[in-house]
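First up is the structure itself, then whatever we jot down about it.
Protein chains: 2
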Amino acid sequence: MSFAVNLQDRIAKVNSRLCVGIDPDLTKIPVEIFDKSAEKGFGGPALAGRMLTEFSTRIIDAVAAHAACVKPNVAFFERYGTAGLASYYGVCSYAREQGLMVIADMKRGDIGSTAKAYAEGIFGPVSVPVKTGGFEDQELLAIDAVTLSPYLGADTLEPLIEYALKAEKGMFILCKTSNPGSGDLQDLTIEGEALYMRVAKMIQGLIDKHDPQDSQTFSSIGAVVGATYPEQLGEIRGVLKNSFFLIPGFGAQGGTAKDLDGAFYPCGNGAIINSSRGVIFAGLKDEYKGVDFFEAAADAALKAKEAINTAVPQA
Amino acid sequence: MSFAVNLQDRIAKVNSRLCVGIDPDLTKIPVEIFDKSAEKGFGGPALAGRMLTEFSTRIIDAVAAHAACVKPNVAFFERYGTAGLASYYGVCSYAREQGLMVIADMKRGDIGSTAKAYAEGIFGPVSVPVKTGGFEDQELLAIDAVTLSPYLGADTLEPLIEYALKAEKGMFILCKTSNPGSGDLQDLTIEGEALYMRVAKMIQGLIDKHDPQDSQTFSSIGAVVGATYPEQLGEIRGVLKNSFFLIPGFGAQGGTAKDLDGAFYPCGNGAIINSSRGVIFAGLKDEYKGVDFFEAAADAALKAKEAINTAVPQA
Numbered sequence: 001m002s003f004a005v006n007l008q009d010r011i012a013k014v015n016s017r018l019c020v021g022i023d024p025d026l027t028k029i030p031v032e033i034f035d036k037s038a039e040k041g042f043g044g045p046a047l048a049g050r051m052l053t054e055f056s057t058r059i060i061d062a063v064a065a066h067a068a069c070v071k072p073n074v075a076f077f078e079r080y081g082t083a084g085l086a087s088y089y090g091v092c093s094y095a096r097e098q099g100l101m102v103i104a105d106m107k108r109g110d111i112g113s114t115a116k117a118y119a120e121g122i123f124g125p126v127s128v129p130v131k132t133g134g135f136e137d138q139e140l141l142a143i144d145a146v147t148l149s150p151y152l153g154a155d156t157l158e159p160l161i162e163y164a165l166k167a168e169k170g171m172f173i174l175c176k177t178s179n180p181g182s183g184d185l186q187d188l189t190i191e192g193e194a195l196y197m198r199v200a201k202m203i204q205g206l207i208d209k210h211d212p213q214d215s216q217t218f219s220s221i222g223a224v225v226g227a228t229y230p231e232q233l234g235e236i237r238g239v240l241k242n243s244f245f246l247i248p249g250f251g252a253q254g255g256t257a258k259d260l261d262g263a264f265y266p267c268g269n270g271a272i273i274n275s276s277r278g279v280i281f282a283g284l285k286d287e288y289k290g291v292d293f294f295e296a297a298a299d300a301a302l303k304a305k306e307a308i309n310t311a312v313p314q315a
Numbered sequence: 001m002s003f004a005v006n007l008q009d010r011i012a013k014v015n016s017r018l019c020v021g022i023d024p025d026l027t028k029i030p031v032e033i034f035d036k037s038a039e040k041g042f043g044g045p046a047l048a049g050r051m052l053t054e055f056s057t058r059i060i061d062a063v064a065a066h067a068a069c070v071k072p073n074v075a076f077f078e079r080y081g082t083a084g085l086a087s088y089y090g091v092c093s094y095a096r097e098q099g100l101m102v103i104a105d106m107k108r109g110d111i112g113s114t115a116k117a118y119a120e121g122i123f124g125p126v127s128v129p130v131k132t133g134g135f136e137d138q139e140l141l142a143i144d145a146v147t148l149s150p151y152l153g154a155d156t157l158e159p160l161i162e163y164a165l166k167a168e169k170g171m172f173i174l175c176k177t178s179n180p181g182s183g184d185l186q187d188l189t190i191e192g193e194a195l196y197m198r199v200a201k202m203i204q205g206l207i208d209k210h211d212p213q214d215s216q217t218f219s220s221i222g223a224v225v226g227a228t229y230p231e232q233l234g235e236i237r238g239v240l241k242n243s244f245f246l247i248p249g250f251g252a253q254g255g256t257a258k259d260l261d262g263a264f265y266p267c268g269n270g271a272i273i274n275s276s277r278g279v280i281f282a283g284l285k286d287e288y289k290g291v292d293f294f295e296a297a298a299d300a301a302l303k304a305k306e307a308i309n310t311a312v313p314q315a
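Chains as they are written, first to last, in our numbering: chain B, 1 to 315; chain E, 1 to 315.
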């Protein structure tokens, strides 16, 4: 089954379009996690790795019933080197074991042979050497989809698409992002049309070529569309009719459910909405004072799920 | 001393503007490296890590006298997971110990708090937990500069610039790349001007704001400019007067010394020219039949250095 079909099944099962971004900031996590992680093993990056794993797996336990997906952000793990990356691999596996779909937030993009190397590492299989000589295929990273950057052009995305579809995995290509400076390049006008619309058309071209759909089905090639610019959602949907949108910016970045007009089809599919800090650090907010840190995350995830569902049009 | 000053010193010391891209393909490396690496330890990803380290350090030994920089490409390491990343950290350190400057080829780019996490991991320091409680700053990755992607806008580059300049390190921001599909977005015309020129102006704006220069000095904020499009080099130079260009596409991708017109100032600075497969896999070419694999890499690096130097204008 394709990534897009698996995602629809997961959405239906939990009646949730929420994606919880796992961006762990170790200076903000509960002291009990620090102390428990410090009991065993070395300090330094190794301790950081244990803290990342303990915190992230407890967040996953808290949100698994309320979220369709989690999106662990590799930057927050790989800054601690190999111990951080080891945690990342473990956290992705753990999330899948709990039934969540995993979107690896990596924003990769590179040319030719490098794109193929990224594709092997992200989607697998990767050809690893055997002690007695020769190579064998292995799967190392347990994820369902990845975020990708389009600036280098369609040919740099194709090796990733090829590996993804073969492995029944998916991707979300950056189209319009949610940061204040996203307009620097993405809003520039080319013959009356914004650059992000050109990117949307480039993505649709890749769908038509590699993963064509009819009017009732979704592609495994999705797009990142920032919810801080709601009027652009409908414009991009006009081009990318068969794509799931990964919509960041909900919660801490200021997006709200009323900004999601046009994100969903009446079937309830078409988008997943990300909240990172608004869920994983809910326990630091005044409204959750005295509540267990991970119970606060669970409650925030439930409320985000329900708020998002109000934006699904009635069939 | 800034990255730009250190780079000029290194160029003068070896009279070389060559950057050797380390993109190790384990299926192409000499069987002696495979056998030596397989003697000890596990097979699989761990063996891949040992092979990456053995191959890359021997390439570094071979080219250290002829190259200004090496550019280890993280995609070829991280596809093997933590063992690959551990090798990457070791290879970067080893290259610096041999006097080479190290450009981490990562093409990172992300928003807000994620950009800061990447900046910590790449440029350091990263705040790591101490067993007795609290955090301390550590440097984990030994590199001099990194490649970055501009699609998300100037505000996503600023945290990286801030960390880089504080650590006396540098960066090369993708402007015009060397792949066939680079024109899909980069050549689109905005009010009579290509998108890559808008990116060049955005980079110059960041230099003016964070790392201003006079007519005789170089910024530590550079740009990636593909040598397969030589006529565009001069156009970009017209905007980015104080930047070093990292020019890929020399050798295997088809660029030659005559395509480097306008890359260098008469002082001999202004660009470093990358060759990856043309150097590291020179030993597989017919012209090096019977020659030791790493002696072939050394000879190819020497010849590339000399060919590049013919493009430096006479003062």
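The C-beta atom is built at its ideal place from N, Cα and C for all residues, glycine as well.
C-beta contact flag for residue i and residue j at 8 Å
i: THR147(E); j: MET106(E); result: yes
i: GLY170(E); j: SER93(E); result: no
i: LEU7(E); j: PHE264(E); result: no
i: TYR88(E); j: VAL74(E); result: yes
i: GLY183(B); j: ALA154(E); result: no
i: ARG50(E); j: GLY44(E); result: no
i: PRO248(B); j: VAL279(B); result: no
i: ALA67(B); j: LEU26(B); result: no
i: ALA257(E); j: THR217(E); result: no
i: GLY234(E); j: GLY262(E); result: yes
i: VAL63(E); j: ALA271(E); result: no
i: LEU188(B); j: ILE190(E); result: yes
Under 8 Å from the C-beta of residue i: neighbouring residues of chain E
i: ILE272(B); result: The premise fails here: ILE272(B) is roughly 18 Å from chain E at the closest Cβ pair, so nothing lies under 8 Å.
i: GLN138(B); result: GLY44 and PRO45
i: VAL102(B); result: Within chain E, no residue comes near VAL102(B); the closest Cβ sits about 16 Å away, beyond 8 Å.
Where the beta strand (DSSP E) containing residue i begins and where it ends
i: ASP105(B); result: 101-108
i: ALA124(B); result: It is worth fixing the name first, because residue 124(B) is Gly in this sequence and not Ala. Taken as a continuous stretch (DSSP letters only), GLY124(B) belongs to no beta strand (DSSP E), as it is neither H nor E.
i: PHE135(E); result: 135-138
i: THR147(E); result: 145-148
i: ILE22(E); result: 18-22
i: LEU332(E); result: Because chain E in this structure spans residues 1 to 315, residue 332(E) falls outside the shown range and cannot be described.
Distance between beta carbons of residue j and residue i, contact taken as under 8 Å
i: ALA304(E); j: PHE250(E); result: 7 Å
i: ILE161(E); j: ILE203(E); result: With 8 Å as the limit, ILE161(E) and ILE203(E) do not qualify as a contact, their Cβ atoms being about 10 Å apart.
i: GLY109(E); j: PRO159(E); result: Not really, about 11 Å apart at Cβ, beyond 8 Å.
i: GLY124(E); j: LEU141(E); result: 7 Å
i: ALA298(E); j: LEU240(E); result: About 33 Å separates the two Cβ atoms, so there is no contact after all.
i: GLN213(E); j: ASN242(E); result: 4 Å
i: TYR163(E); j: ALA104(E); result: Not confirmed; about 13 Å, so no contact.
i: PRO30(E); j: PHE293(E); result: 5 Å
Proximal residues to residue i (C-beta, below 6 Å), its chain only, five neighbours per side dropped
i: GLN232(B); result: LYS176
i: TYR288(B); result: ALA282 and ALA296
i: ASN269(B); result: GLN8
i: SER275(E); result: PHE250, GLY251 and ALA304
Residues near residue i in its chain [Cβ-Cβ closer than 7 Å; skip 5 each side]
i: PHE281(E); result: LYS28
i: VAL333(E); result: Nothing can be reported for residue 333(E), as the shown portion of chain E is limited to 1 through 315.
i: ASP211(B); result: LEU165, SER219, SER220 and ILE221
Beta-carbon neighbours of residue i, restricted to chain B and to distances below 7 Å
i: ASP184(E); result: GLY153, ALA154 and MET202
i: ARG198(E); result: LEU185 and LEU188
i: ASN73(E); result: THR114
i: SER149(E); result: GLY109, SER149 and TYR151
Alpha helix (DSSP H) segment containing residue i, residue limits
i: ALA12(B); result: 3-14
i: LYS176(E); result: From DSSP, LYS176(E) is part of no alpha helix (DSSP H) but of the beta strand (DSSP E) over 170-176.
i: SER87(B); result: 81-97
i: LYS258(B); result: Taken as a continuous stretch (DSSP letters only), LYS258(B) belongs to no alpha helix (DSSP H), as it is neither H nor E.
i: LYS201(B); result: 195-210
i: GLY262(B); result: No alpha helix (DSSP H) holds GLY262(B); DSSP gives it neither H nor E.
i: LYS71(E); result: From DSSP, LYS71(E) is part of no alpha helix (DSSP H) but of the beta strand (DSSP E) over 69-72.
Close beta carbons around residue i, own chain, < 8 Å, minus the five adjacent residues each side
i: VAL91(E); result: ILE22, LEU52, THR53, SER56, THR57, ILE60, PRO72 and PHE77
Chain C contact for residue i (CB, 8 Å cutoff)
i: MET51(B); result: Going by chain labels, chain C is absent from the structure shown, which instead holds the protein chains B and E.
Where residue i meets chain E, residues with beta-carbon distance less than 9 Å
i: TYR89(B); result: GLY81 and THR82
i: PHE123(B); result: Per Cβ cutoff of 9 Å: no residues; PHE123(B) is ~10 Å from chain E at best.
i: VAL225(B); result: Correct list: empty, because the minimum Cβ distance to chain E is about 13 Å.
Check: residue i C-beta below 7 Å from any heavy atom of the ligand COA
i: ALA223(B); result: In the structure shown, the ligand COA is absent, as is every other ligand, since no ligand is present at all.
Residue i: contacting residues in chain B (beta-carbon distance under 9 Å)
i: ASP23(E); result: SER113, THR114 and ALA117
Chain-ordered neighbours of residue i on chain E, where CB pairs are closer than 7 Å
i: GLU120(B); result: ARG79
i: THR177(B); result: ILE111 and LEU152
Cross-chain neighbours of residue i in chain B, by beta carbon under 8 Å
i: LEU85(E); result: GLU78, GLY81, THR82 and LEU85
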